[in-house]
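2 protein chains.
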Amino acid sequence: ALKLKHDDSSLMFADLTAEEYRQVRDYMWKQPDLQISHDALAKPTDNFIFLIELQLPKKAAVLQFLDESGQKPVRSATVVVFHGSLKEIREYEVGPLPNPKFHTDITKGKYKTALSIQSRTVTIGEYAILFRFLHKEIFEKLSKICNESFGISGTQTLNPFEGMPRGLRSGDRRTWISFFRNMGGMYIHPVGFEVLVNHESLNSSEWKIEKLLYNGQYFNSTKELNAKYSADKAEKIRYKEILNYASLKPKVKPTGLGPQQHYLQGNRFSVKNNQVLYFDWSFAFGLSALTGMRVFDIRFKGERIVYELSVQEAMSVYGSKTPGMILTKFLDSSIGIGRFAHELARGVDCPYSAEYVDTYRYIDTNKPMRFRNSICIFEHDTGRPLRRHFSDFFSNSYGGLANSVLVIRSITAIGNYDYIWDFIFYHSGSVEAKVHATGYISSSFKIPGSMKYGHQVAENTIGNIHTHFINFKVDMDVLGVKNVFQTKDMKFEEEELPWLPGQKAFVPHLVEEQLATEMEAALEYGGKIPRYLHIASNKTNRWGHQRSYRLQVISFTGDHLPESAPEERSMSWARYKVAITKHKDEESQCSSLYSQNNMWTPADLVAWVTTGFLHIPHSEDIPNTVTVGNGGGVILRPHNYFDEDPSVDSPDAVYIHPD
Amino acid sequence: ALKLKHDDSSLMFADLTAEEYRQVRDYMWKQPDLQISHDALAKPTDNFIFLIELQLPKKAAVLQFLDESGQKPVRSATVVVFHGSLKEIREYEVGPLPNPKFHTDITKGKYKTALSIQSRTVTIGEYAILFRFLHKEIFEKLSKICNESFGISGTQTLNPFEGMPRGLRSGDRRTWISFFRNMGGMYIHPVGFEVLVNHESLNSSEWKIEKLLYNGQYFNSTKELNAKYSADKAEKIRYKEILNYASLKPKVKPTGLGPQQHYLQGNRFSVKNNQVLYFDWSFAFGLSALTGMRVFDIRFKGERIVYELSVQEAMSVYGSKTPGMILTKFLDSSIGIGRFAHELARGVDCPYSAEYVDTYRYIDTNKPMRFRNSICIFEHDTGRPLRRHFSDFFSNSYGGLANSVLVIRSITAIGNYDYIWDFIFYHSGSVEAKVHATGYISSSFKIPGSMKYGHQVAENTIGNIHTHFINFKVDMDVLGVKNVFQTKDMKFEEEELPWLPGQKAFVPHLVEEQLATEMEAALEYGGKIPRYLHIASNKTNRWGHQRSYRLQVISFTGDHLPESAPEERSMSWARYKVAITKHKDEESQCSSLYSQNNMWTPADLVAWVTTGFLHIPHSEDIPNTVTVGNGGGVILRPHNYFDEDPSVDSPDAVYIHPD
Ligand SMILES: [Ca+2]
Ligand SMILES: [Ca+2]
Ligand SMILES: [Ca+2]
Ligand SMILES: [Ca+2]
Ligand SMILES: [Cu+2]
Ligand SMILES: [Cu+2]
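For the protein sequence lines, the chains are A and C, in the order given.
Per my numbering: the first sequence ends with 659, consecutive numbering throughout.
Per my numbering: the second sequence ends with 1318, consecutive numbering throughout.
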């Protein structure tokens, strides 16, 4: 059934192989001046390779190679080193691959400044120290309370969950840690105890407990808490055993089996390396440990439509009475989204007979890691026609086409939450990026005043109100890189009726605009946004209209943080439903965008699309949030791009007529 | 697999059977004072039974019967008679069924006024006369032009397509008819010729052609057109044969077969009469010839959640340069939506192995009509988990559940457009009403100035800009009929950080409101609408929160007609994303709603939900609009209704853990 042939063009976008990771690591380990620790649990004072990842080749070089038989771009890696010894984070380009021979410090070129070691994410090595610290400073010192209030003794512990950011100023590393019962689905078992840990120093012997919250009351030290507790001057929590309402284990043996997809013609798509072919579609795929799943060089009938379509960020802003989540804004890509793409469960996460692909990553480790079956690719019957028409007026006939689509999916379980990431390919020439949220909500212990921040969802447990903002990078190239940004909308205008002079009526008009600067094309939520947004070529279709693709955003979260909030600057992308910028290789992520006001017309445009939803947790979020209604995405739809719907040529078409 | 048992409670909502239609018709035919024609093609001057349909029993009586072992409500029919002889439309209740013995004129009680015969829809009988009229007054009188410009001769004709409404004032019956080539998919083959027919008189010999538009030029009579055409004073259209780009016939023999749903456990739902059982769900269904598909008495675990969920209206407002669509606002229910629910194509319209149900209708006919396989019911794998969580922090486990749903569907092909209507039932206690549009766009002939109203999509053909407004009636009864309307939203408030006196941050707060009048609860598009809308009971769940269902509207069209437009009053529901009213048996449809400002709190509330989208046609709408991105709907989601997600008990649940 396959019309297309595989080639090697996708390999430029392929994630590094296990062997490549190893070569880069070994090359870096060998550099005498870098003195990098080989320990997976390296200490904060050590030099540690946090991340090795594909360095995306520059777009101009890629296009030269793909479209103009230019030279193949050099393959290289980005390597992030936490230089504990220098108190800096440095980013290197290491190449060529295979067999690296150079490493270049690209930090200042990329970030315009040196990066303080304080802004690093917490590594497994630091967590190991932190857990020992908590054991010694909390569980041992508060053993009586831990026993009476939380039911733990001896080597038993509570599970920590961190708030973020780690302070009000950048460089702060003072983290509120909330404690949860050590059981499956801990995230909805808060015990009513939170501590503020100052772990700014690379030397963990200088770490301090700065504040404690026990049952809604603040204390300055474990000593103060112990004293007041013993003197009955603290409102006490009495430990009570409870059934684990967070358990996903069915109470009765499951006996059901829902409908399964059945492929009578076998797989109608093909995967080779990181290239997928499906009817008229071809594309390359990869998975960044930081930002997540991405596809490149999406072509329909051989013509590139999208250069890059990728997950950029998943942000959640929480409301809370207790300090563990008062400030909390999870910016998942700062921890890493793609790194949590684990094995997919056949028959639930993806259809049983989907094609499953392994991924390899090198993040917070000392060796490449294999993640078996962490991407799935399958054809799916959406259960609804792509198009159909039945006619019994004047002529009798029926024509239709089932809506079968190709889906490529990964699921990232980032702590409590699981995001399902889909890219979907339609026979009508549309591509969709879609996300759904599931997994556990974040929760906090119920204390006076906490109902202003959410609903109670379980014993003593508040499900905290929060937003889900998801950002996709959409680098469409509509018939080449020179594109314009267009909007279309409808407006009622009062008109005289030509056959009834003097009589007027309101008639819808088509209103088209072309926006010329990044400032104009940053479409803020709350403003009146035209209903149709287009990336258009200046080339025209058969009827003289600019060939374009429309961006249809599916769900939007609503209000972002007020712009007066100091932390808003670093996440200003969330203000915009869609923002358009000129492509820059160095502007590869959404976080650092809106500093300039470039002119274009035409230019290589990139759309940054924000989708998501407001989540007010409720009892039905226990044990897990369901995906129904909890998603968002963007559909890229041809609009005067083809001369007619390309699905007319689908081999799946059905036509019935009486003669 | 079925846990529930069928009963006869759904029969109260069942459409009339063929035998019942016949009994009602025969009873009416027998009334000597009514003098009803038996002719299917009755003339406008005749008395004609236009419609026989189930008269929905009064809600109070139904609830008495279902919940308090009251008497079974009398079953009766609504009969709409076009009394040509009296120049009135009258509506009768005829009952009891079976074996009717009474007929009561309910017109004035229902409409507060007599109904003029002028407001009747055009019957097949009138169309037959109209076609003869057009033949005689147009095709014969303009035979030269018809031949040279449109390529027809002899008995050949063009196909008419009517604009609506039929004038500016109610009672007007002056219809612009546009002509299209007589070929499959005529709707996108406008020939450039439109005529204004005055057919106000019941006596067709008084009908007149009042205006003609030929190639963008207006003429007062066929005589004037003929004269100017012959004198070369009219810009001429030259007929050209073209390939039928509207054809749905594949150019090459289709050989593809997409994925099919496969039911390893057989059907996991059961249909008996008009009752469906699926896991914890039960409901009754029916199909009104006027408004379309509807479900009643939706229960989950035996508890009624929805009394009625039904399609109410599909409206499209068009922009155009040519008069045939300048005024056009299709209000589909005025013609009848459900009457066009035809046979569904297995494997395209619904899965091959769906359960198919026949429907029977009596509309614009003289005998009951059977529509084979016009409703389908099937279980569908959405291809995405309903919920899942993978954990490798602290404890290792995986729990998840495939998202299998039950779908009940009909598809109505109302002239050019096909709407796909779904009601969907989820294991998590949600119900969704969903609509997708497909089929042919409406088009007009390209003349100077027409590009302000759409894009050119084919030879000489403009796809006219238009809106799709769809209205659903959602009569939820959350733990009985006494409900309140609640909104929830998030608001940032600046707060002092309890552990950092003097330092402030913006923190999301939960904001809840209860709206007390219909005026307040008519949520206009454009206004700031709270993100969560709830129908709530005053009863609380285990954690003290009001048990509620949330209405999540999926897509909204945008601007409605300005309120200053005189015709806006009759379609004012389209202003509102959601409007809440007190249930009234006589307020069964959305069209006549917003006259009062009733107080409630608590009361039996009904939500009128408007969804849809703006459609700017483009070349890919040729030959048919695809469903991708062209839909809308509303999800009814439990929110603090259950104490936990009811899908935890699903027999399909999957759980994996290492020990
Ligand atoms: Ca910029
Ligand atoms: Ca671009
Ligand atoms: Ca009212
Ligand atoms: Ca109600
Ligand atoms: Cu959430
Ligand atoms: Cu449309």
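Cβ atoms here follow ideal geometry from the backbone N, Cα and C, with glycine treated the same way.
Beta-carbon gap between residue i and residue j smaller than 7 Å
| i | j | result |
| --- | --- | --- |
| VAL930 (chain C) | GLU1014 (chain C) | yes |
| TYR307 (chain A) | ASP477 (chain A) | yes |
| ILE1067 (chain C) | PHE1082 (chain C) | yes |
| LEU63 (chain A) | PHE269 (chain A) | no |
| PRO617 (chain A) | ILE337 (chain A) | no |
| ASN274 (chain A) | ALA14 (chain A) | yes |
| ALA1181 (chain C) | TYR1112 (chain C) | no |
| PRO1297 (chain C) | LYS1141 (chain C) | no |
| GLN456 (chain A) | GLN486 (chain A) | no |
| PHE1104 (chain C) | PRO849 (chain C) | yes |
Residues sharing a beta bridge with residue i, DSSP
| i | result |
| --- | --- |
| ALA952 (chain C) | In the sequence under discussion, the amino acid at residue 952 (chain C) is Met, which differs from the Ala named in the question. Its beta-bridge partners are C:LEU946. |
| GLU972 (chain C) | C:ASN1130 |
| GLY1290 (chain C) | C:HIS1095 |
| LEU54 (chain A) | A:ALA77 |
| GLU308 (chain A) | A:PHE296, A:ASP475 |
| TYR356 (chain A) | A:CYS376 |
| CYS1009 (chain C) | C:ARG1005 |
Cutoff 6 Å; reference residue i; Cβ partners in own chain excluding five residues on either side
| i | result |
| --- | --- |
| GLY1271 (chain C) | HIS1127, PHE1128, ILE1129, THR1216, GLY1291 |
| LYS988 (chain C) | VAL976 |
| VAL739 (chain C) | PHE709, LEU710, GLU750 |
| TYR1253 (chain C) | Low per-residue confidence applies at TYR1253 (chain C): pLDDT is 47, beneath 50, and the placement is therefore not dependable, though the value from the model is reported in the following sentence. Once the five neighbours on either side are set aside, the close Cβ partners of TYR1253 (chain C) are SER1231. |
| HIS1316 (chain C) | SER1056 |
| ASN373 (chain A) | GLU343, LEU344, TYR356 |
Partners in chain A for residue i, counting only beta-carbon separations shorter than 7 Å
| i | result |
| --- | --- |
| ARG998 (chain C) | The premise fails here: ARG998 (chain C) is roughly 12 Å from chain A at the closest Cβ pair, so nothing lies under 7 Å. |
Neighbouring residues, chain A, relative to residue i (Cβ below 8 Å)
| i | result |
| --- | --- |
| TYR680 (chain C) | Correct list: empty, because the minimum Cβ distance to chain A is about 21 Å. |
| GLY978 (chain C) | MET490, VAL507, PRO508, HIS509, LEU510 |
| ASN1299 (chain C) | HIS455, HIS618, SER619, GLU620 |
7 Å CB neighbourhood of residue i in its chain, flanking five on each side removed
| i | result |
| --- | --- |
| LYS1093 (chain C) | ASP1081, ILE1083, GLY1290, GLY1292 |
| ALA458 (chain A) | ILE188, TYR245, ILE622 |
| ASP1023 (chain C) | PHE709, THR782, ILE783 |
| PHE350 (chain A) | Note on identity: in this sequence residue 350 (chain A) is Cys, with Phe being the wrong assignment. LEU344, CYS376, PHE378, ARG409, listed in sequence order. |
| LEU41 (chain A) | ILE124, GLY125, ALA128 |
Other residues of its chain near residue i: CB distance less than 8 Å, five sequence neighbours each side excluded
| i | result |
| --- | --- |
| ARG897 (chain C) | GLU807, SER808 |
| THR1286 (chain C) | ILE1079, HIS1095, ALA1096, THR1097 |
Listed by chain order, chain C residues near residue i by CB distance under 8 Å
| i | result |
| --- | --- |
| VAL348 (chain A) | PRO1044, ARG1047, GLY1059, LEU1060, ALA1061, VAL1313 |
| VAL122 (chain A) | By Cβ distance, chain C contributes nothing, its closest Cβ being about 13 Å from VAL122 (chain A), past 8 Å. |
| ILE465 (chain A) | MET1149, PRO1167, HIS1168, LEU1169 |
Under 9 Å by beta carbon: chain A residues contacting residue i
| i | result |
| --- | --- |
| GLU1038 (chain C) | GLY258, PRO259 |
| LEU986 (chain C) | LEU497, ALA505, VAL507 |
| TRP1080 (chain C) | Simply none; closest approach about 11 Å. |
| PRO757 (chain C) | Within chain A, no residue comes near PRO757 (chain C); the closest Cβ sits about 31 Å away, beyond 9 Å. |
| HIS665 (chain C) | Neighbours of HIS665 (chain C) on chain A: none; closest Cβ ~20 Å, over 9 Å. |
Minimum Cβ-Cβ distance from residue i to chain B less than 7 Å
| i | result |
| --- | --- |
| GLY184 (chain A) | Looking at the structure shown, chain B is missing, and the protein chains on hand are A and C. |
7 Å Cβ cut-off: residues of chain C touching residue i
| i | result |
| --- | --- |
| ALA40 (chain A) | Those do not exist, as ALA40 (chain A) stays about 16 Å from chain C at its closest Cβ, beyond 7 Å. |
| ASP172 (chain A) | Within 7 Å Cβ-Cβ: nothing; ASP172 (chain A) doesn't reach chain C, min ~11 Å. |
Taking a cut of 7 Å between CB atoms, which residues from the stretch 434 to 455 of chain A lie near chain C? Sequence-ordered contacts of the stretch 434 to 455 of chain A with chain C read HIS436, THR438, GLY439, TYR440, LYS452, TYR453, GLY454, HIS455 [C-beta pairs closer than 7 Å].
Against chain A: residues of the stretch 1286 to 1297 of chain C by CB proximity under 8 Å: Taking 8 Å as the Cβ-Cβ cut-off against chain A, the residues of the stretch 1286 to 1297 of chain C that qualify are THR1286, VAL1287, GLY1288, ILE1294, ARG1296, PRO1297.
According to a CB-to-CB cut-off of less than 9 Å, which residues of the stretch 203 to 214 of chain A neighbour chain C? Residues are counted here when their Cβ sits less than 9 Å from a Cβ of chain C; for the stretch 203 to 214 of chain A these are GLU210, LYS211, LEU213, given in chain order.
Residues of the stretch 525 to 536 of chain A in Cβ contact with chain C at a cutoff of 8 Å, in chain order, please. Along the stretch 525 to 536 of chain A, going in chain order, the ones with a CB nearer than 8 Å to a CB of chain C are ARG531, TYR532.
Can you pull out the residues from the stretch 269 to 281 of chain A whose beta carbon lies closer than 9 Å to at least one beta carbon of chain C? For the stretch 269 to 281 of chain A, residues whose beta-carbon sits nearer than 9 Å to a beta-carbon of chain C comprise PHE279.
To be precise: take each residue of the stretch 358 to 370 of chain A, compare its Cβ to all Cβ atoms of chain C, and keep it if any distance is under 7 Å. Which residues remain? With the criterion set as a beta carbon lying under 7 Å from some beta carbon of chain C, the stretch 358 to 370 of chain A has no members that meet it.
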